[in-house]
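> Before anything else, here's the structure in question.
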Amino acid sequence: MLFRSPNQRCPIFRRISQFCKQLFEDTPKVEENTQTGLSLEVVPRNAHAISRRQISDNAIKVLYRLHKSGFKAYLVGGGVRDILLGLQPKDFDVVTNATPEEIKRLFRNCRLVGRRFRLAHIVFGRDVIEVATLRGHHVDSGEKISKTNESGRLLRDNVYGSIDEDAERRDFTINALYYDISDFSIHSYGGGLQDLENRTIRLIGDPQTRYREDPVRMLRAVRFATKLDMTIEAKAAEPIKNLARLLKDIPAARMYEEVLKLFFAGKALQNYEMMREFGLFEPLFPLVEALLKEYPNGETSKLMLEMMANTDERVAQDKPVTPAFFYAALLWYPLSQRADDIALESGLSSYDAYNAAMGDVMEQQCRTISIPRRFSTVTKDIWQLQLRFERNKGTKAFRFIEHPKFRAAYDLLLLRGHAEGGLVAKNAAWWKSFVEGNEDQRNVIARSANKGGRNRNTNQRRRRKPSAKSAPKPAE
Ligand code: ATP
Ligand code: MG
């Protein structure tokens, strides 16, 4: 027989012809968009590196259940982005054209959450897969489902739409990547894949408008730049300084979550430095920023740098990090300053002034970031213990180190010692030798402290208001 049907060809020929066919078919298609004007590139399954094995079993289950029930279902955002970058995604987010109510009907383990964005949480024990309905445009649509305030911030955004519209509503092009479970292709909007390759953080749409809609996007730009080692494109970086103040309007509870992501994910130091550069630190931590501005190379600045670096080191070593310690260190010098002021104004002892200042400082910080009580009470314990290090040297030290918050308080004392030097450093050195000593050494160290008397109170006022003598004379 001279001619064979394709199925009768030899296997090697069949494989080569299949490969050529794939090569031809699998060239990424670029479609100059869609209804929205945003470019779209569809990359078929064989032309990208994502495989289902890299996606969590629970996310796969959710995607398939939606798909098999006749809905569109995509893995979106960080999950796709991080896999493509060779990173382990923090979580997997899914979007679908099913409404929250339809999702709820499909999954028994589903909980609907959120007001600003209504979302479905599919709960698998401790693993939660977030499923959102594709978002549409909010202009000209019913007022009840989307709403902005006078500075352009979106207060509610529950208009549903197509995948093209949904992409336009995402923050950055690198996050507008969708993995389609129906054919395993990637839909990349606005040049997301190219930006991933060029390591560029680019906003979708006009940066000013997008930041005004949601000022948290400015923090997210910084966070992704440091996390992914990318550059914020000039057009997206330029408006941040001017708009940073808008962060003051963000609800304090949301800000608490953002702060955790910024400072507890291993990039605290870089985020801190970049936030200060962009003026994003001030609206979150006004009390700290005031001291940093007043004394650019002072103890606050030294303590911040060391605390951020230590936090990163602990995260890298998988050691626990807690907001209680973070806020105790962050707000220690604002607390000291407030205590100084109270003591000067009221004549209270330093100890009482500190206690009075703790409530004030915590209350002021909680106006921008709501710190849950379970952490703020521990923060206050850590502050309280700072006042007792001096008095508890000597034989009292044996009981003092048994205090449940001793370790955290001691860590802050060490940081303060490095930042301030002088008596605090001496005090910290004493405690260090005590903590690190064995039983016999501790006995010797404790006795020597009792004999030698104590240093002056290291919580004495460090900053006085100018005295009448040194104050500049009023102009005549
Ligand atoms: P990571 O989980 O690593 O912090 P992520 O990109 O997955 O990064 P999420 O906060 O989990 O971030 O959000 C998931 C997706 O939702 C994002 O990738 C983005 O597409 C979209 N998104 C999140 N927050 C916003 C926002 N403020 N504005 C517009 N889109 C957003
Ligand atoms: Mg995510």
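Going by numbering that gives the first Met the number 0, the sequence shown runs without a break in its numbering and finishes at 475. Don't be surprised by glycine CBs; every beta carbon is placed ideally from N, CA and C.
Regarding Gly346 and the ligand MG, is the C-beta to nearest heavy atom distance less than 7 Å?
Result no, Cβ not under 7 Å from the ligand MG.
> Just to check, is the beta-carbon of Val265 closer than 7 Å to a non-hydrogen atom of the ligand MG?
Going by the sequence as given, residue 265 is Gly instead of Val. No, the Cβ of Gly265 stays beyond 7 Å of every heavy atom of the ligand MG.
> Run the CB neighbour count on Arg446, radius 10 Å, all protein chains shown included, and call it buried at 16 or more, exposed below.
Exposed, by the Cβ-count rule.
> From what residue to what residue does the beta strand (DSSP E) around Leu118 run?
Leu118 to Phe123 is the span of the beta strand (DSSP E), which, as asked, contains Leu118.
> Which class does Asp477 belong to by DSSP, given the choice of helix, strand or coil?
The question about residue 477 has no answer here: the residues shown for the chain are numbered 0 through 475.
> By DSSP, does Ile400 sit in helix, in strand, or in coil?
If DSSP states are grouped into helix, strand and coil, Ile400 belongs with coil.
> Can we count Asn270 as close to the ligand ATP, meaning its CB is less than 7 Å from some heavy atom?
Because no heavy atom of the ligand ATP lies under 7 Å away, the Cβ of Asn270 does not count as near it: no.
> Once you ignore the five residues that flank His66 on each side, which residues in its own chain have a CB closer than 8 Å to its CB?
Ala72, Ile180 and Ser181.
> Measuring CA to CA, which of Thr299, Arg219 and Ile249 is closest to Lys260?
Answer by Cα proximity: Arg219.
> Between Lys89 and the ligand MG, is there a pair consisting of the residue's CB and a ligand heavy atom that are separated by less than 7 Å?
Flag set: Cβ of Lys89 near the ligand MG.
> With a Cβ-Cβ cutoff of 8 Å, do Pro282 and Ala243 count as a contact?
In contact: Pro282 and Ala243 (Cβ atoms closer than 8 Å).
> By Cβ distance, which residues of its chain are closer than 6 Å to Val258, with the 5 residues on each side in sequence left out?
Contacts found: Ile368.
> DSSP state of Ser187, grouped into three classes?
Residue state, collapsed to three classes: strand.
> Could you check whether the Cβ of Asn174 sits closer than 7 Å to any heavy atom belonging to the ligand ATP?
True, at least one ligand heavy atom lies under 7 Å from that Cβ.
> At a threshold of 7 Å, does Arg115 count as lining the ligand ATP (C-beta to nearest heavy atom)?
Checking every heavy atom of the ligand ATP against the Cβ of Arg115, none is found closer than 7 Å.
> Could you tell me if the beta carbon of Ala327 falls within a distance shorter than 7 Å of some heavy atom in the ligand HEM?
Although the ligand HEM was asked about, the structure shown includes only the ligand ATP and the ligand MG as ligands.
> Would you kindly work out how many angstroms separate the C-alpha atoms of Ser50 and Ser184, rounded to a whole number?
Near 10 Å, if we compare the C-alpha coordinates of Ser184 and Ser50.
> When the distance is taken between beta carbons, is Val158 closer than 8 Å to Gly135?
Going by C-beta atoms, Gly135 is nearer than 8 Å to Val158.
> Going by beta carbon distance, what residues of the same chain come within less than 7 Å of Ala355, once the five residues before and after it are set aside?
Within the same chain, Ala355 has close Cβ partners Ile341 and Leu347.
> Take Glu164 and list the residues in its own chain whose beta-carbon comes closer than 8 Å to its own, dropping the five residues that flank it on each side.
Excluding positions up to five away in sequence, the list reads Gln34, Thr35, Leu133, Arg134, Gly135 and His136.
> Measuring only from the beta carbon, is Gly76 closer than 7 Å to any heavy atom that is part of the ligand MG?
Gly76: yes, Cβ under 7 Å from the ligand MG.
> With a cut-off of 8 Å on the beta carbons, I'd call Asn270 and Val314 a contact; round off their distance for me.
About 12 Å; that fails the 8 Å criterion.
> Please confirm whether Glu40 and Ser161 have their CB atoms less than 8 Å apart.
It is not a contact, given that the beta carbons lie outside the stated cut-off.
> Measure the alpha-carbon distance for Lys103 versus Pro319 and round it to whole angstroms.
Answer to the nearest angstrom: the Cα atoms are 35 Å apart.
> Spell out a yes or no on whether the stretch 245 to 259 and the stretch 292 to 300 are touching, meaning 3 or more CB-CB pairs, one atom from each, closer than 8 Å.
Because the criterion of three Cβ pairs below 8 Å is not met, the stretch 245 to 259 and the stretch 292 to 300 do not touch.
> Whose C-beta lies closer than 8 Å to the C-beta of Val423 among residues of the same chain, with five residues either side of it excluded?
If we look at Val423 and ignore the five residues flanking it on each side, its Cβ neighbours are Leu412, Arg415, Gly416 and Thr457.
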